[in-house]
Amino acid sequence: MKKILLFAMMLSGMCAFAGSKAPKSVLASVDKVVWAGVDYSQARFIGAGQFNNPAEIFPGMLETWNQLVLTERMRFLEKELHKPVVADIAGMTKINKSASDKQIVNAPGAGDTIHDSHITTEKIAKAVRSYKLENKSGIAVVFIVDRLVKVDKKGEGAVYVVAFDIGTREVLSSERIEGNAVGIGFRNYWFRVVKDAEKGLGRIK
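Reading the sequence shown from the start, the letters are residues -2 to 202 in my numbering.
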């Protein structure tokens, strides 16, 4: 009798599990995703002598990196997100103009490694509320750069991959992705960090 009862309970549990549905991705309800750009306004540029041409970086290189996403990476964004992606980065261009050489850390200390972060959930939420977008509804994705670090010979970077509701500005998903800096020339070397962050797109929940 006990064996029959135990079997019935197991069968009931299996049926309940089979009937349950996996939680839907936050992207399931939309037919496209809005690309809000790469936000460098909170980034730290860490490494003695690594960012010694601030006049070229702020805001020129930040704009260049954002344009590279549009010209070279949009199809990869769509591949990872499994959705068409439309760009809406005019507002981000203005935000990145607020970045300056004050964000450069030439004498790294405690808290300046790639595994540290000065960006909190509150700062992410505040940033999301500040974005000016032409699209007034739907879901947007933004890369919020935490830090670019080259203390020894290895260059690394960390980026928050953030999805948010455009209408309510609720943060729906946020994941910090660490990547490597690789390539010839300053532009390509640090842009690799942005490319590495793309692997976080497929994990948006």
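Just so it is clear, CB atoms sit at the ideal spot from N, CA and C, and this is done for glycine as well.
Just so we're clear, the structure is a prediction, and the values are computed from it rather than from any experiment.
- Counted as a single uninterrupted DSSP element, the beta strand (DSSP E) harbouring residue 157 occupies residues 153 to 162.
- Looking at 65, 75 and 132, the one whose alpha-carbon comes closest to that of residue 197 is 75.
- The continuous beta strand (DSSP E) containing residue 171 extends over residues 168 to 177.
- Secondary structure of residue 116 (DSSP, three-state): coil.
- Just measuring C-alpha positions, the residue of 181, 187, 104 and 141 sitting nearest residue 170 is 141.
- The three-state reading of DSSP puts residue 145 in strand, counting E and B together.
- The Cβ atoms of residue 178 and residue 202 do not sit closer than 9 angstroms to each other.
- For residue 32, DSSP records a beta bridge to 84 and 138.
- Contact between the region 149 to 165 and the region 106 to 118 is present, with at least three C-beta pairs closer than 8 angstroms.
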